[in-house]
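Protein chains in written order, with this note's numbering: chain S, 1 to 336; chain B, 1001 to 1302.
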């Protein structure tokens, strides 16, 4: 009891408020602090925190333009039985698994290579970072053009290299199956992987975010003390050993942070997926990720309640994955 | 003086490393040179991939209509057509799109700077009731994905009859947790003495913010303003939902509708994309340092 009370008091009050005068000063400062906080709190509570509860309320209703009736968990039950929704979750997972690790590995590789090369470092860094500052939507317009199935530059490159040209954004067949066909191996439908259209979006996403990872990794690298490398090199460590035993462990907080942030971010991707596959959701729904599914339900179909329920399920999945990441990975992270 | 003997045994073995024979040294130097060449090869190949879409966009935008959609494509335009930009500019209400975007993004950036400064100051410098609770609450909102909030916010904006208004584009973004955290960190790093001196001179908190904190926090403030300007400029889903009427479109919504309006005119499409991307790229070149700073400090993934 007393420890709980003490803890609660610690959360609410700073330690040293002893005299009457100090009390008065404390409350005056509290009033001032909340005045300062007010504008930010009003906005954040209205448009970020309260909507979570409102969304849950909506998700329990049949709701198109206005609330029609309370349906309890009806929307959730519908979604869990919906083939289309389950497929959208799988496509989202393909997207995250396809994009995030590749971005991170490439970003780390570039960061490590760039960190030690002083020559033209600024030029390279600017160039790699450029995709990240451009909008995903405008970049998607350019990539759609490059992926054009008849006259796109990427197909032209493939043709020049003697490889088969592709239908890219119009191709709903899985990449692994296409690869199998090309190599003469039969790949069953359940193992076909993301559609080629989705794969094309994944490639664009990797292009867009690699520079972001590189910049954050560069910042992480600069915090590792140089003496560690000098000492290890004098002891005869190879470059790989330096990376494996110094860089990688000491960089793990950065890696962990990037992994969490990127996974959460990738589950929310919308702009490039919407823009690159013009009939919303792509050829026969091949690029309908969970986010696109929610958009389709809510904005195109007018099923506001169902859309909200789908958003909540996705939120639950993201939250569970994040907590799992913390649980599994955090103990492997070396904080100084 | 007395520390010297203690440190000598540590350094001595390294100093005593046997010198390499001359041929071995040369071989080592060659290997390192080869390694360096490989490093630059990889870096340059990566750079090529990173900037190729930009190059291809600009090259296509300068070709004439037929050449833009020729297959196999030409690399450089046989005749350069900079007037494509004029045509693209006239084909859709771009001045309106840009005006809307600049208005919204500027107000959002200024608003963010103001609300974040005040809130960050409270967190960094004031003692108040339930401070850790409020701070944790703000932290927790970072976990809320946009999918969850977009529908209720849309319903709210609808109820307020704000659909197709500027306030629908501006008000929800006037404050952000990232700005608050970034500034809080920065304010905490300012020397305590400054605040005490200002207090002794009888300055109030608002005066301290105005005369002491703000002048010293320029880099952090620029970072906050830039990042919120950029995320507003690049925003698409929210403006698409709440302000799709032509007079209120922001550039990304405009570009999206442009792709359906001129669908097969790739020269115009690329010219429009370049027009939309260019301001951001220029801003980035001017203020690269602040971008990098902001991104590394907050891990913002736009």
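All C-beta atoms in this analysis are idealised placements derived from N, C-alpha and C, irrespective of residue type, glycine included.
For residue i, does the three-state DSSP call read helix, strand or coil?
i	result
residue 130(S)	helix
residue 338(S)	Any answer about residue 338(S) is impossible in this case: the structure gives chain S only from 1 up to 336.
residue 68(S)	strand
residue 239(S)	helix
residue 1294(B)	helix
residue 222(S)	coil
residue 135(S)	coil
residue 1078(B)	coil
residue 195(S)	strand
Is the shortest distance between the beta-carbon of residue i and the beta-carbons of chain B less than 8 Å?
i	result
residue 294(S)	yes
residue 194(S)	no
residue 273(S)	no
residue 9(S)	no
residue 328(S)	no
residue 37(S)	yes
residue 268(S)	yes
residue 64(S)	no
residue 77(S)	no
residue 150(S)	yes
residue 211(S)	yes
Is residue i close to chain S, meaning its C-beta is less than 8 Å from at least one C-beta of that chain?
i	result
residue 1093(B)	no
residue 1147(B)	yes
residue 1286(B)	no
residue 1270(B)	yes
residue 1172(B)	yes
residue 1084(B)	no
residue 1234(B)	yes
residue 1257(B)	no
residue 1290(B)	no
residue 1317(B)	Because chain B spans 1001 through 1302 in this model, residue 1317(B) falls outside it and cannot be assessed.
residue 1028(B)	no
residue 1015(B)	Summary for residue 1015(B): the model assigns pLDDT 44, below 50, so the residue's position carries little reliability; its value from the coordinates is reported in the next sentence. Output row for residue 1015(B): interface = no.
residue 1012(B)	Because the pLDDT of residue 1012(B) is 41, which lies under 50, any placement of that residue in the model is unreliable, and the number read from its coordinates should be weighed accordingly. No, residue 1012(B) lies away from the interface with chain S (no Cβ there is under 8 Å from its Cβ).
Counting only Cβ pairs nearer than 8 Å, list the residues of chain B close to residue i.
i	result
residue 111(S)	Result: empty, since nearest Cβ-Cβ is about 11 Å, beyond 8 Å.
residue 19(S)	Here the premise fails: no neighbours, minimum Cβ distance about 15 Å.
residue 280(S)	None at all; the shortest Cβ gap to chain B is about 11 Å.
residue 291(S)	1147
residue 236(S)	Within 8 Å Cβ-Cβ: nothing; residue 236(S) doesn't reach chain B, min ~10 Å.
residue 29(S)	1126, 1127, 1128
residue 82(S)	Residues of chain B passing the Cβ test: none, with the nearest at roughly 17 Å.
residue 243(S)	The contacting residues do not exist; residue 243(S) stays about 14 Å from chain B at best.
Alpha helix (DSSP H) containing residue i: first to last residue?
i	result
residue 1205(B)	1205-1208
residue 115(S)	83-116
residue 245(S)	From DSSP, residue 245(S) is part of no alpha helix (DSSP H); its letter is neither H nor E.
residue 177(S)	175-183
residue 1228(B)	1218-1233
residue 1147(B)	1146-1159
residue 299(S)	That residue, residue 299(S), is in no alpha helix (DSSP H); it is neither H nor E in DSSP.
residue 1240(B)	1237-1242
residue 159(S)	153-160
residue 1275(B)	1266-1286
residue 314(S)	304-329
Between which residues of its own chain and residue i is the CB-CB distance below 6 Å, once the five residues before and five after are set aside?
i	result
residue 1097(B)	1249, 1251, 1254
residue 1217(B)	1186
residue 106(S)	210
residue 1194(B)	1212
residue 1271(B)	1061, 1084, 1085, 1088
Who are the neighbours of residue i on chain S, taking C-beta pairs under 7 Å?
i	result
residue 985(B)	This structure cannot settle anything about residue 985(B), because the visible part of chain B is limited to 1001 through 1302.
residue 1205(B)	32
residue 1106(B)	The premise fails here: residue 1106(B) is roughly 17 Å from chain S at the closest Cβ pair, so nothing lies under 7 Å.
residue 1175(B)	39, 40, 43, 44
residue 1121(B)	36
Could you name the residues of the same chain whose beta carbon sits closer than 8 Å to that of residue i, not counting the 5 residues immediately before and after it, in chain order?
i	result
residue 84(S)	285, 288, 293
residue 1222(B)	1287, 1290
Can you find the residues in the same chain that come closer than 7 Å, C-beta to C-beta, to residue i, ignoring five residues on each side of it along the sequence?
i	result
residue 136(S)	208, 271, 272
residue 1142(B)	1177
Please list the partners that residue i has in chain B, where partner means a Cβ-to-Cβ separation under 9 Å.
i	result
residue 156(S)	1071, 1072, 1073
residue 107(S)	Result: empty, since nearest Cβ-Cβ is about 10 Å, beyond 9 Å.
Report the neighbours of residue i on chain B: residues whose CB is nearer than 7 Å to its CB, in chain order.
i	result
residue 308(S)	1151
residue 88(S)	Ordered by position in chain B, no residue passes the 7 Å Cβ test against residue 88(S), which lies about 12 Å from the chain.
residue 141(S)	1255, 1259, 1269, 1273
Output, in chain order, the set of chain S residues within a Cβ distance shorter than 9 Å of residue i.
i	result
residue 1047(B)	123, 124, 127, 128
residue 1116(B)	40
Give me the chain S residues within the contact set of residue i, using Cβ-Cβ distance strictly less than 8 Å, ordered along the chain.
i	result
residue 1101(B)	Those within 8 Å of residue 1101(B) in chain S number zero; the least Cβ separation is about 11 Å.
residue 1141(B)	44, 48, 49
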